[in-house]
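Residue 87 in my numbering sits at position 87 of the sequence shown; the count goes up by one each step and never skips.
Every residue gets a Cβ at the ideal spot worked out from N, C-alpha and C, and that includes glycine.
Working notes, beginning with the structure itself.
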Amino acid sequence: MINVLLLQGPNLNLLGRREPHIYGTDTQQSIHDRLCRLAEDLGARLTTFQSNHEGELIDRIQSAPTEFQGILINAGALTHTSLALADALTSVALPFVEIHISNVYARESFRHHSHLSAGAAGIVVGFGTTGYDLALQGLLGRIRGQGA
Ligand code: DQA
């Protein structure tokens, strides 16, 4: 059984009521429920963790290798600011997929740079919350050695 960790960064707990014209109306809980079912269908197990605190996310990344074979991460605004989060991800050397619900490249210029992307196995940007499903499929393919 492949175990995958989904990390959600700051403000993603507000999904559903946060700028719905940008992020849609799915709540975080509904995304997590859907993704856990998809993981099961694909022969994997998903664990989810959201935090508004950079250090808590880093602690979770550091402890991930004992339990998980890969990470999905929407780091929210920390994507654009956090070298520490990027360092944590490259330190544990697990494959990870970076997710953004919105197309960050069509938005403000401060969202155009990601500290995480260079280390990512893949990036899913701009497909709304369906991006989580796509990212899970891509990550499992990569872990199973089927990805390009
Ligand atoms: C986001 C994009 C980030 O720029 C923003 O700060 C978020 C959400 C996205 O999913 O589109 O919090 O990561």
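With 16 other Cβ atoms within 10 Å as the buried cut-off, status of residue i
i: residue 68; result: buried
i: residue 7; result: buried
i: residue 73; result: buried
i: residue 50; result: buried
i: residue 77; result: exposed
i: residue 21; result: exposed
i: residue 129; result: buried
i: residue 140; result: buried
i: residue 12; result: buried
Reference residue i; option with closest CA among the options
i: residue 121; options: 127, 145, 65, 113; result: 145
i: residue 88; options: 32, 125, 101, 115; result: 115
i: residue 131; options: 24, 17, 14, 65; result: 24
i: residue 104; options: 83, 75, 5, 85; result: 75
i: residue 56; options: 112, 138, 81, 10; result: 10
i: residue 54; options: 30, 80, 119, 47; result: 80
i: residue 85; options: 58, 106, 32, 20; result: 58
i: residue 39; options: 5, 27, 90; result: 5
i: residue 138; options: 42, 18, 82, 65; result: 42
i: residue 133; options: 48, 113, 35; result: 35
Beta-carbon separation (whole angstroms), residue i vs residue j, contact threshold 8 Å
i: residue 71; j: residue 44; result: No, residue 71 and residue 44 are not in contact; Cβ-Cβ is about 13 Å, not under 8 Å.
i: residue 95; j: residue 142; result: 5 Å
i: residue 62; j: residue 92; result: 7 Å
i: residue 100; j: residue 126; result: 7 Å
i: residue 135; j: residue 124; result: 5 Å
i: residue 46; j: residue 31; result: At roughly 11 Å, the Cβ-Cβ gap does not stay under 8 Å, so residue 46 and residue 31 are not in contact.
First and last residue of the uninterrupted alpha helix (DSSP H) at residue i
i: residue 141; result: 130 to 143
i: residue 38; result: 28 to 41
i: residue 20; result: 20 to 23
First through last residue of the beta strand (DSSP E) which encompasses residue i
i: residue 45; result: 44 to 50
i: residue 8; result: 2 to 8
inquiry  = As an exercise, report each continuous alpha helix (DSSP H) stretch of at least 4 residues that is fully enclosed by the segment 61 to 110, in chain order.
reply    = 78 to 81, 83 to 92
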